[in-house]
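Enquirer:
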Amino acid sequence: MLKTIEDLKGLKGKRVLVRVDFNVPQKAGVIRDDNRIRAALPTINYLVKEGARVILMSHLGKIKWKEPDLAKIEEMKKANDMAPVAARLGELVAPVKVGFCPETRGEKLVAAASELKDGEILVVQNTRYEKGEEKNDPELAKAWAALADVYVLDAFGSAHRAHASTVGVPSILKAEGKPVAEGYLMIKEVDNLTRCVEVAKEDRPYIAILGGFKVSDKIKVIDSLLKKCDKLIIGGAMAYTFKKALGEEIGNSPVQDDQLEYAKKCVEDAKAAGKEILLPCDSVVTDSFEPVEGRVIKVVEGNIPEGYQGVDIGPKTIEAYQKAIASARMIFWNGPMGVFEQDEFQAGTKAVCVAIKELEGKAFTVCGGGDSASAVKQFGFKESFSHVSTGGGASLEMIENDGHLPGVDVLR
Ligand code: ADP
Ligand code: MG
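If you count the sequence shown from 1, you need to add 66 to reach our numbering.
1. Taking only the alpha-carbon atoms, compute the straight-line gap between K341 and K297 and give it to the nearest angstrom.
2. If you measure from each CB to the nearest heavy atom of the ligand MG and keep those under 5 Å, what residues do you get, in chain order?
3. Let me check you understand the geometry: is the CB of A274 closer than 7 Å to at least one non-hydrogen atom of the ligand COA?
4. Going by DSSP, what residues sit across from W399 in a beta bridge?
5. State the start and end residues of the unbroken alpha helix (DSSP H) segment that holds E458.
6. Where does P236 land, buried or exposed, given buried means 16+ other C-beta within 10 angstroms?
7. Report the option in R478, Y374, G469, D475 whose CA atom is closest to the CA atom of V265.
8. Which value, in whole angstroms, describes the spacing of the CA atoms of Y8 and G434?
9. Out of G459, F222, E72, which one is the CA nearest neighbour of D283?
10. With DSSP collapsed to three states, give me the class of V287.
11. Out of M403, Q322, K115, D257, point me to the one whose CA is closest to T70's CA.
12. Under DSSP, the beta strand (DSSP E) around M123 begins and ends at which residues?
13. Ordered along the chain, which non-local residues of its own chain (more than five positions away) have a Cβ less than 6 Å from that of S354?
14. Taking the alpha carbon of I275 as the point to measure from, which residue in L175, I316, A394, I300 has its own alpha carbon closest?
15. Can you give me the C-alpha to C-alpha distance between I370 and F279, rounded to a whole angstrom?
16. Measure the alpha-carbon distance for V405 versus G165 and round it to whole angstroms.
17. Just mark L345 as buried or exposed, buried being the case when its beta carbon has 16 or more other beta carbons within 10 Å.
18. Any contact between the segment 164-181 and the segment 138-145? By contact I mean 3 or more CB pairs, one from each, below 8 Å.
19. Based on Cα-Cα distance, which residue from S461, I465, H125 lies nearest to E199?
20. Please confirm whether any heavy atom of the ligand ADP lies closer than 7 Å to the CB of E407.
21. State the start and end residues of the unbroken alpha helix (DSSP H) segment that holds S349.
22. Please give me, in chain order, every unbroken run of the beta strand (DSSP E) with length at least 3 that falls completely inside the segment 357-427.
23. Can you check whether the CB of G234 is closer than 8 Å to the CB of N192?
24. Once DSSP output is grouped into helix, strand and coil, what is the label at T260?
25. So, helix, strand or coil for F166, using DSSP?
26. Mind checking whether the beta-carbon of D283 lies closer than 7 Å to any heavy atom of the ligand ADP?
27. Does the Cβ-Cβ distance between V351 and L462 come in under 8 Å?
What follows is the structure, encoded as structure tokens:
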């Protein structure tokens, strides 16, 4: 059984190291969207209320350590400084005191951690300032583990990575007999996504909707969902690989020729298992992906002519998909139905949102995946879903690995 923060007793005065996901979109210290900071507040507020001494660690952006020019590495570090995130957290939790340690190791950090008082918060500099973070370097994990009496993982979006701060530190603390647990965001994410892989009778029919760009990125997701679900709806660019595999002409649509055999086998296996795979019967096509003036945009049924590429599902497909979705008791959706970044090609993705909204109160509906989740938010449908995952890659890996993630497994 996973321990949750509410199972932890006697937190008053304890130094609790929390791995959060503060990887917010920002530029030069200006935070564009503080959702990820807000998502960690239930856990942070709980620990503060209990009188714990809270040490928060997260990565922010990327530091390319392969870069030979040291000056460039310093620039990348500066661009991903955690200080503005700590300041934003300070505003959100005021009047609770939030300190910031600009270093990831050494005397300053040790002093800052030991000077913390009950109910105070310390934000540590970006974990990726350390080259060893992504390599789960044992020395680094040891240094961080030495700061804490208790470890809490609340960084769902990073739980699929076995890094020093997500796996190294809790492994050490556990071996020392110290408590490790998951925070509220982790609990919510893990519970909701586990429901999509350990399917209960009352959640059937279970319909999976897959779209997005590449079949090859999603092979493990497709395999897993095909085993679990009752019906699979396919849209997005990946639909054209499936259509070509079934002998249709797809014009200049994006296709992965090295995945044709795989796609064909999927369809055959699904059929043999009595499961339906729905593919688009019509498409919105264009002669130019780039939004140039005078480009042709039209709807094509069946074969797509040379010179045109499919960029969204067409109106007949929308009707068929909406009808199928209406019969579901559970939905897992990953991958937009079309190039939703362009206004002209949003209809398919929006239509899926509308169909899922119709299921409110009747079905359990989950959206996972970076672009899918941002489409749902952009179109204003976030509240219509039972759960929209905050973790892009992590939510897909939960599905792929039957509910297992390195960061979750180490806590068990
Ligand atoms: P997610 O991040 O939700 O897992 P993906 O990264 O797999 O989704 O796919 C998202 C991308 O797929 C979007 O940028 C979208 O524009 C693109 N896409 C969807 N349909 C098409 C299409 N028909 N042609 C080209 N790109 C497409
Ligand atoms: Mg994506």
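Where is the CB? At the ideal position from N, CA and C, for every residue including glycine. Being a predicted model, the structure only gives us computed values, none of them experimental.
Expert: Walking through what the data contain:
1. 6 Å
2. G436, D437
3. Questions concerning the ligand COA fall outside what the structure shown contains, since the ligands it does hold are the ligand ADP and the ligand MG.
4. I275, C433
5. The amino acid occupying residue 458 in the given sequence is Gly; Glu does not appear at that position. 458-466 is the extent of the alpha helix (DSSP H) around G458.
6. buried
7. G469
8. Because the chain in this structure spans residues 67 to 478, residue 8 falls outside the shown range and cannot be described.
9. G459
10. helix
11. D257
12. 119-123
13. R361
14. I300
15. 18 Å
16. 43 Å
17. buried
18. no
19. H125
20. yes
21. Careful: S349 lies outside any alpha helix (DSSP H), inside the beta strand (DSSP E) at 348-352.
22. 363-367, 375-379, 396-400
23. no
24. helix
25. strand
26. yes
27. no
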